[in-house]
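Chains as they are written, first to last, in our numbering: chain A, 1 to 404; chain B, 1001 to 1440. We treat Cβ as the ideally placed atom computed from N, Cα and C, and that holds for glycine. Below is one structure, written out as structure tokens, with a few remarks after it.
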Amino acid sequence: MQIQPVLAALGRHRLATVLIALEIALACAVLCNACFLIASRWQLTRINSGVDESSLAALKLTGYDDAKADDLNARVLSGLRMIPGMQSVSVINAVPFGEHAATAGITLDAAGQHFGAVVDFYVAGPGSFQALGLRLVAGRAPQADDYQPVHSFVPDDASVLVTRALAEHLWPGSDPLGKEFWVDKFHFRVAGVVAHLARPGGGEGGPGKIEWSVFVPGQPGQQLAGVYLLRAKPAQLPRVLRDARAAIARIAPDAVVDSQASRTLGDLRQRYFQQDRAMAGMLLGVIAALLLVTALGIVGLASFWVQQRRRQIGIRRALGATRRDILHYFQTENFLIVTGGIALGMLLAFGLNLFLMKHYELLRLPLYYLPIGAIALWLLGQLAVLGPALRAAAVPPVVATRSV
Amino acid sequence: MFAYYLDLALRSLKRNKALTALMVLAIALGIGASMTTLTVMHLLSGDPLPGRSAHLFYPQVDPDTTPPHAKEPADVMDYHSAVDLWSARRADAQTLIVDSQLKLRAPTVNLPPLMAMMLSTTADFFPMFDVPFRYGSGWSADDDAKRARVAVISADLNDKLFGGADSVGRTLRLRDSDVRIVGVLKPWRPSPLFYEVAGGRYAHGDTAGFYGKPEDVITPFFTGLEINDGSFQQFNCWHVPDTPGHLEDAPCEWVTLWVQLGDASKVAAYRRFVADYAARQKSLGRFVNADNTRLRSLMQWLDYNGVVPSDVRLQTWLAFAFLVICLFNTVGLLLAKFLRRGGEIGVRRALGASRAAVFAQCLVEAGLIGLLGGIGGWLLTLGGLWLVRRQPTPYADLVHLDTSMFLVTFALAIAASLLAGLLPALRASRIAPALQLKTL
């Protein structure tokens, strides 16, 4: 197939050609970036919380008398442990994908001069470390005497576990075990490192800092009460949580169950990312509509050209061109226009990506999105032009002799 | 003439139904997507108090004594600064605001206790923010000073507890204290919940939470602090507070102050007053960063906090990019349509129609397509908004198509199609009659 005559013909329809090419270019730019946005959102929803989500549920009580928090803890712990299928109940201040409870900036010196990071503290009572199913990669798990009384938001002096990501941020390249950090007058010493532990929702930071959390063993009491971590076999968990919520009316009649926060961790995770999934769905809709409109535009214009060139097609057929030649002519024409559009579209895609990076904390568009977008648009163009091209190929040679 | 062009346009559109349908569909999709997002933008970025917002201001000081010193003052105030500025009464009206969660019950109503958000504020809150009452009214400055055990409740709570009846004079049990209901609000849903907006710069664009519902119970500020002592949440503390939840003397920012200032000279005077206050606190050794004060107007404060969620802005950009693509599409199709009628236009020109007449006729046709696309776009917008309402966002219940956005839908559709028709119409009006007639 010679390209020369196709280009010559396109030269006679410069305006329409340029319009279609521009449309393809814009579609290419939006397509690449929208796909990248979907991929980033999807990536976000797949973060590893580091805990046994399928076996865990949270139960949050409010409205009880703070002065009787010790009594509440004792009653809830013993009462809920009687529920058949309950593997463990422990006190904790927050759970991944739940509400954040203790967020604070830490310093690496006692004087508070050397700022480290803003982190989330999981203050949790005996049994919670095992219940969460955290994977220890260095140091030791909390021992019985690590669980210190909590007078404020954390114990005064605690042996804690940090995540690998946080350790890497605070002490890059060195062994975090035994390192110390402070919040105001509160002192922490790193006794262990866990592989993963995502911070609860609502914390400061964004996706890059999602694992900046600290596990602080604490003794349940007035400042550590009201949120309970339940563990059961995944299959029994929904029933166990239901039973637990029902049992609260008997165990602690003056407390109110916070039903938003009292869910399985699977549910909490689901709700936490609901917005991201909705956004991804909306982007998918935009992409679908975009491809549809682009395809329809190509169909419309190609049909017009086919109709306009019926006589020429007839003449070419009369002069010996096969149907295949005519089909290939229109396919080549479409390929050339789409290619021109894609070339411009790649530049636009980068421009749009720069804009999104500036205003929406998006990362740089990986290069492999460009060929994928290009192939998608080439395919779309060829599919869209197939109908009109087939109709062109069906034009009989006899048209050439008519109405001259 | 217009009627004639309209007739011609209708005939022309009928002649090639498939092409017409393609163009209308493209415009409808583009308009549907962009109007859905634009309506959400419009609802979320609007002025929550039209007419009043220009007189409402948000003073800020920097009580944080620890390094590093921030460029911007704290988003909310510490207790002493807020109460000092409030009691000075230097503005036309001023109100303190803090919210907290507590257990609530109506002793005479047989319902289990529920957890509610309590807004604790001062008497000026109601007139300043034009809060609508169904029954009763707010309280007086005297009630503020006496720490009167009174409350105003939301329409929602009144429906839930008292079936919507006039509950003024009845008793509510807030945690362990009884308060007398003095007022019931009409349904009131400011968008955003402007008086509690703070911390937007830490939200990474995830600011949908600013569009939640107002609190169910409103009590006088100092009454609220008494009733719910120990349950207050700080916005930020620069040292760890001694007693969590009891923040009056704590090194914490947690109280919001709003002031009403009638004219520019009062604004300037108040700005000076806040700066002087900060300087005095520095000389007393309480502040370090005394120059760091601000007095933003309500809309400036909302802007500073970037209240419109970044997802919503991103969706709007995307939808408009999509509309542009749809327009390019329409330009191409209109061009094909007009130029196909070269012969017809040639005849009209030969019979005496001016270029302007041909141009006008083509534009009428484009406008008609725009109108049809607008109807389709309007239906798609309704569908799109229905989808938004089903999303789990705090502002879902706010989303609806108001009259102005309904009109904008059609204006945008017709404007877009006229814009798309401009180039093809120009081309069509340039057709040389002789050349066309020869080929007939």
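Along the length of the region 146-217 of chain A, whole alpha helix (DSSP H) runs at least 4 residues long occupy 164-170, reported in chain order. The beta carbon of A:L77 is closer than 6 Å to those of V89 in its chain, skipping five residues each way along the sequence. Residues of chain A with a Cβ closer than 7 Å to the Cβ of B:N1228 do not exist, since the nearest Cβ in that chain sits about 11 Å away. At a cut-off of 8 Å, the C-beta of B:N1305 has no neighbouring C-beta in chain A.
Residues of the region 251-270 of chain A with a C-beta less than 7 Å from any C-beta of chain B: V256, D258, listed in chain order. Residues of the same chain with a CB within less than 7 Å of the CB of B:P1113, apart from the 5 flanking positions on each side, are K1103, L1104, R1105 in chain order.
Nearest neighbour of B:D1142 by Cα position, chosen from B:Q1361, B:I1345, B:F1221, B:D1007, turns out to be B:F1221. Taking the Cα positions, B:V1307 is about 6 Å away from B:T1207. For a Cβ distance threshold of 8 Å, residue set T62, G63, V256, D258 of chain A lies close to B:M1115, ordered along the chain. The DSSP assignment places 1133-1136, 1150-1153 as complete runs of the beta strand (DSSP E) inside the region 1133-1167 of chain B, in order along the chain (cut-off: 3 residues). When Cβ-Cβ separations below 8 Å define contact, B:V1076 makes no contact with chain A. For B:L1114, the pairing in a beta bridge is given by DSSP as B:L1104.
In the structure shown, B:A1091 adopts coil according to DSSP, grouped into three states. Neighbours of B:D1311 across chain A, judged by C-beta separation under 8 Å: Q275, M279. Contacts with chain B at 8 Å (Cβ-Cβ) do not include A:G320. Within the region 1340-1400 of chain B, the runs of alpha helix (DSSP H) at least 4 residues long that lie entirely inside it are, in chain order, 1342-1350, 1355-1389.
B:A1091 places its beta carbon less than 8 Å from that of B:Q1260.
In this chain, the alpha helix (DSSP H) harbouring B:S1417 covers 1403-1429. The Cβ of A:G297 sits closer than 8 Å to at least one Cβ of chain B. Identification of chain B residues near A:A225 by a Cβ-Cβ cut-off of 7 Å yields none; the smallest Cβ-Cβ distance measures about 12 Å.
B:L1380 has its alpha-carbon roughly 33 Å from the corresponding atom of B:K1186. The contact set of B:R1340 on chain A, defined by CB atoms closer than 8 Å, consists of F304, Q307, Q308 in chain order.
Contact between B:G1051 and B:L1323 fails: their C-beta atoms lie close to 32 Å from each other, not under 8 Å.
For A:V193, the closest alpha carbon among the candidates A:V154, A:L380, A:F129, A:L296 is that of A:F129. DSSP, read as helix, strand or coil, puts A:S55 in helix. According to the DSSP assignment, A:A321 belongs to no alpha helix (DSSP H), since it is labelled neither H nor E. Nearest CB-CB separation between B:T1066 and chain A: below the 8 Å threshold. Taking a Cβ-Cβ cut-off of 7 Å, the neighbours of A:M282 in chain B comprise Q1315, given in sequence order. Note: A:K60 is bridge-paired with A:V227 in the DSSP secondary-structure output. Our two residues, B:A1415 and B:S1034, have alpha carbons roughly 14 Å apart in a direct line. By the rule that beta-carbons nearer than 8 Å mark a contact, B:I1153 does not touch chain A.
Under the 8 Å Cβ criterion, the region 205-224 of chain A counts as touching the region 144-162 of chain A, having at least three qualifying pairs. Residues E211 of the same chain have their beta carbon placed closer than 6 Å to that of A:A165, with the five preceding and five following residues left out of the count.
Taken through DSSP and simplified to helix, strand or coil, A:W378 comes out as helix. The beta-carbon distance between A:S213 and A:R231, rounded to whole angstroms, is 19 Å. This is too long to meet the 8 Å contact definition. Residues of chain A with a Cβ closer than 8 Å to the Cβ of B:P1244 are, in chain order, S152, F153, Q223.
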